Amino acid sequence: MAPLAGARRPLFQTLDGKVTDRGISYDQLLLIAPSKGKLLSEQVKNPNIKVGRYSYYSGYYHGHSFDDCARYLFPDRDDVDKLIIGSFCSIGSGASFIMAGNQGHRYDWASSFPFFLYAGRTCILKRTRCLPKKAGNTVIGNDVWIGSEAMVMPGIKIGHGAVIGSRSLVTKRCGALLQS
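Dropping the structure here:
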């Protein structure tokens, strides 16, 4: 039997298969949607990336995990800036978070080129001066939508409810959703 024209579909389906559209907590729900997004909590392995509940990444167009979106020069170090993502965030395929050190070459050196990485030696100066400058943690608030292939520069703070359009370049702090 074909569905009736204009018939309403329920918004949510519980884990046990019962369909409803009210009175159910988020912990009991699976959203019915055509999305292939995967929860960040199920895929993030990098200890420098902290994620809130129900945030997801739709990386299926670019075929990679969310860990690849956080661009660390030294991904195995634990003294680098963190990427902190709030709850209920939606991150589009190919989004990137440039973490301090990747694009922040040291311009206070004789050359901005990181010779010590290719010379097989440690820096002649103190080891800490060889490392890229920190920009501070990159923090994404709750309920933020980040479009496909958007780029967020190091140390940026994005407030709750913000919308970052596809292919946007975020270079400064973004405010929270304005409320009247």
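Using the numbering used here, the letters of the sequence shown correspond one by one to residues -12 to 167. By construction, the Cβ of each residue, glycine as well, lies at the ideal position given by its N, Cα and C atoms. All of these numbers come straight from a predicted model, not from anything done at the bench.
To which residues of the same chain is residue i closer than 7 Å at the C-beta, ignoring the five residues directly before and after it?
{"i": "Arg58", "result": "Ser83, Phe84, Ile85, Met86, Asn89"}
Buried or exposed for residue i, please, with buried defined as at least 16 other CB atoms from any protein chain shown within 10 angstroms of its CB.
{"i": "Gly128", "result": "buried"}
{"i": "Arg34", "result": "The sequence shown places Pro at residue 34, rather than the Arg named in the question. When all chains shown are included, Pro34 counts as exposed."}
{"i": "Thr125", "result": "buried"}
{"i": "Ser167", "result": "Only weak support is given to the placement of Ser167: the predicted model assigns it a pLDDT of 39, under 50, and the question is left unresolved by the model."}
{"i": "Lys159", "result": "exposed"}
Sorted by chain position, which residues of the same chain lie with C-beta nearer than 8 Å to residue i's C-beta, five sequence neighbours on each side aside?
{"i": "His147", "result": "Gly73, Gly128, Asn129, Asp130, Val131, Ala163, Leu164"}
{"i": "Cys161", "result": "Ile143, Lys144, Ile145, Gly146, Ala149, Ile151"}
{"i": "Asp96", "result": "Checking the sequence, you will find Trp at residue 96 rather than Asp. There are no such residues."}
DSSP three-state call for residue i: helix, strand or coil?
{"i": "Ser83", "result": "strand"}
{"i": "Leu70", "result": "strand"}
{"i": "Ser135", "result": "coil"}
{"i": "Val77", "result": "Correcting the residue identity first, residue 77 is Ser in this sequence and not Val. In the structure shown, Ser77 sits in a strand (DSSP, three-state: E or B)."}
{"i": "Leu60", "result": "coil"}
Excluding the 5 residues preceding and the 5 following residue i in the sequence, name in chain order all residues of the same chain whose CB lies nearer than 6 Å to its CB.
{"i": "Met138", "result": "Ser83, Leu156"}
{"i": "Arg154", "result": "Glu136"}
{"i": "Asp65", "result": "none"}
{"i": "Ile181", "result": "Residue 181 cannot be examined here, being either before or after the span of the chain that is shown, -12 to 167."}
{"i": "Ser52", "result": "Gln30"}
Tell me whether the beta-carbon of residue i lies closer than 8 Å to the beta-carbon of residue j.
{"i": "Val31", "j": "Asp54", "result": "yes"}
{"i": "Asp68", "j": "Ala122", "result": "yes"}
{"i": "Val78", "j": "Tyr43", "result": "It is Ile, not Val, that sits at residue 78 in the sequence shown. Contact: yes."}
{"i": "Leu60", "j": "Tyr41", "result": "no"}
Mind checking which residues open and close the beta strand (DSSP E) that includes residue i?
{"i": "Thr125", "result": "125 to 127"}
{"i": "Val38", "result": "36 to 38"}
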